[in-house]
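First comes the structure, then the notes that go with it.
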Amino acid sequence: MPDRLYFSCWVKDTRTQPVLYQFEKMMVRFPFSKLAKRGPVLRIYAVSHAEPPLLEREFEHFEDNQTLIAAVLTAAREFMQEDTSCELEAAWDLWQFNGEWKLLPARVTLSCFGKSFENEHDDQLRIEFGNDALFLPAPNVEGGLRMGQSNLKSLLHLTSELEQGLAVEKRSLWSENGANFAAVLKQALGSYTPN
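For the sequence shown, numbering that gives the first Met the number 0 assigns the number 0 to the initial residue and increments by one for each residue that follows.
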């Protein structure tokens with residue numbers, strides 16, 4: 000059964016580099032979708048996710064990512080405090096099967112958390128990638144292994160870019176049920192029988 004996949008980063012000394020600065024560095028490295036029909040949505044929460052958003056704003060598509068990132072940061076700076084979180088619901092392009100394999104936008108959420116925001120993992124930066132099935136071989140589907148590998152390469156490339164570009168102290172690729180994604184991947188590849 001598919002589970003949600005996350006990448007969390009704990010960054011070094013956020014007092015000298017505010018978490019919004021690290022969030023900017025994360026967005027600069029993120030490959031925003033060229034195929035999405037709608038722009039990203041920014042949400043700012045105070046204290047916890049149980050509270051309604053302080054801000055919810057959809058951005059239009061921009062010709063370049065720098066313009067989008069600048070607009071998101073301008074909106075976020077007005078609200079971002081130690082007890083708030085900033086989430087950008089966006090998309091990136093992955094191979095998906097719907098009768099045939101196509102490169103399509105896949106939903107993703109990029110988040111940063113102030114140090115006093117209620118956060119069960121205490122990470123400062125997080126990306127929710129959606130269902131882990133997007134990065135696993137698709138059994139009983141022609142080309143399922145190759146397309147799963149392509150998506151997995153995109154995921155690993157992004158996490159490597161983030162590790163190199165951020166002041167990462169610790170990082171984790173994890174699933175909602177707590178399973179280690181590497182173990183899930185190994186099990187999926189071990190039981191895979193190509194068509």
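Don't be surprised by glycine CBs; every beta carbon is placed ideally from N, CA and C.
Keep in mind the model is a prediction, meaning the values are calculated, not measured.
Annotation: the continuous beta strand (DSSP E) that includes residue 172 extends over 167 to 174.
Looking at the DSSP output, residue 28 bridges to nothing.
In this structure, DSSP gives residue 130 an extended state, which the three-state scheme calls strand. Beta-bridge analysis with DSSP links residue 101 to 95. Residue pairing by DSSP places residue 109 opposite 87 and 126 in a beta bridge.
Less than 7 Å divides the Cβ of residue 149 from the Cβ of residue 94. The three-state secondary structure of residue 55, taken from DSSP, is strand. Nearest to residue 165 by alpha-carbon distance, out of 107, 154 and 123, is 123. In this structure, DSSP gives residue 37 a state outside helix and strand, which the three-state scheme calls coil. Rounded to the nearest angstrom, the gap between the Cα atoms of residue 74 and residue 83 is 13 Å. By the 16-neighbour rule on beta-carbons within 10 angstroms, residue 131 is buried. Nearest neighbour of residue 58 by Cα position, chosen from 139, 88 and 118, turns out to be 88.
For residue 4, there is no enclosing alpha helix (DSSP H); the residue is found in the beta strand (DSSP E) stretching over 3 to 10. In this structure, DSSP gives residue 45 an extended state, which the three-state scheme calls strand. By the C-beta density criterion, residue 113 is buried, having at least 16 other C-beta atoms within 10 angstroms. Judged by DSSP in its simplified three-state form, residue 74 adopts helix.
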